[in-house]
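Inspection log for the structure reproduced underneath, given as structure tokens.
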Amino acid sequence: MDRIRIHGGQRLNGTIPISGAKNATLPLMIASLLTDKTLILDNVPRLADVNLLQRILGNHGVDIMVNGKRGGETQYD
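Take the sequence shown: its position 17, counted from the start at 1, is 20 in our numbering, and no numbers get skipped.
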């Protein structure tokens with residue numbers, strides 16, 4: 004879907020925050036196992052399977068630091 008057409012009397016304005024995509028985040032999280040460098044992901048969705056993978060990575064020695072409440076920066080070291 005490229006557009007949303009809205010018919011009405013008042014012009015819309017403002018912003019809507021969009022969270023990151025789970026299907027893009029999970030492979031990037033796993034990539035943290037392939038490097039000894041710090042991996043920083045921004046806009047990581049707070050979902051059950053993301054949290055589960057973070058616990059699994061933590062059990063494999065990856066230090067995870069989450070900054071921010073929603074879609075904040077997540078650091079994998």
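For every residue, glycine included, the Cβ atom is placed at its ideal position computed from N, Cα and C. Owing to the predicted nature of the structure, the values given are computational and were not obtained by experimental measurement.
Could you spell out where the beta strand (DSSP E) holding residue i opens and where it closes?
i, result
"Gln13", "Gln13 -> no beta strand (DSSP E), and no H or E assigned at all."
"Ile67", "67-69"
What are the boundary residues of the alpha helix (DSSP H) that includes residue i?
i, result
"Thr28", "25-34"
"Gly137", "Nothing in the structure corresponds to residue 137, since the chain is present only between 4 and 80."
"Ile59", "51-62"
Would residue i be called buried (16 or more neighbouring beta carbons within 10 Å of its own) or exposed?
i, result
"Thr41", "exposed"
"Thr18", "exposed"
"Thr38", "exposed"
Can you give the beta carbon distance from residue i to residue j, rounded, assuming they're within the 8 Å contact cut?
i, j, result
"Leu50", "Lys25", "6 Å"
"Asn46", "Gly23", "4 Å"
"Met69", "Tyr79", "The amino acid at residue 69 is misidentified as Met; the sequence shows Val. Actually they do not touch by this definition, with Cβ atoms about 10 Å apart."
"Met32", "Leu56", "5 Å"
"His63", "Leu29", "His63 to Leu29, Cβ: 15 Å. No contact."
I'd like to confirm the pairing. Which residues does DSSP put opposite residue i in its beta bridges?
i, result
"Thr77", "Leu44, Val69"
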